[in-house]
Structures are given as C-alpha cells and as structure tokens.
Amino acid sequence: ERTKGQKHFLSDFYEFHRSSYDLQSHLVERDLIGKLQIVLFHPFAVHSLYSCTSSTEDVEAKSYAIRSPFPTFHLLREQD
C-alpha cells in the first residue's frame, strides 16, 4: 500500500514505457505478434522518448494524441 504523496511506478512515463517491454515479451511467448498490438497512453507521454516529460514544459502537439488521464496499455487486434 502506498502512503500519501508516494507515486505509483507507472506514473513515470519512462518506467511505464519500459514495462511495456515485459508485455511485449508475453505476446511473443504466446505467438500473438501480428495478432495483437500494444498502444500506450500516459498523462506525460511524448512521441520522442528523448524529450522532456514534465507537464510544465512545452510539448509537441502530436504528443497529446497519446495522452490519457491514467497510464493505459491498450491491446488492439490487428485484424477483424
């Protein structure tokens, strides 16, 4: 249980992005590559991982397309 003021590890975009590698490896193990696709949404998401993720810094407009109120792993089927 977290204490007041303590952040969840997924609140950091870089940690969130790194955790997606684990999810990707599970898709590989289950032969789901080409069937499922992972799309990441995060409150501080940026298209370039080398950019600043601070909410107070200027962010490219395109980065708002991958933002959400909460860290989210979205799984999409690649074919219907």
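The opening position of the sequence shown corresponds to residue 1136 in the working numbering, with each subsequent residue numbered one higher. Cβ coordinates follow ideal geometry from the N, Cα and C atoms, glycine included.
Listed as beta-bridge partners of H1209 by DSSP are V1174.
Excluding sequence positions up to five before and after A1196, its CB lies less than 7 Å from no other CB in the same chain.
In this structure I1201 is not in contact with F1179, their Cβ atoms being roughly 10 Å apart against a cut-off of 8 Å.
When the alpha-carbon of S1198 is set against those of F1208, H1182, E1213, T1207, the nearest one is in H1182.
Under the DSSP assignment, L1158 falls in the alpha helix (DSSP H) whose first and last residues are 1148 to 1164.
A distance below 7 Å between beta-carbons, with the five flanking residues on each side excluded, links L1210 to the following residues of its chain, in chain order: L1171, I1173.
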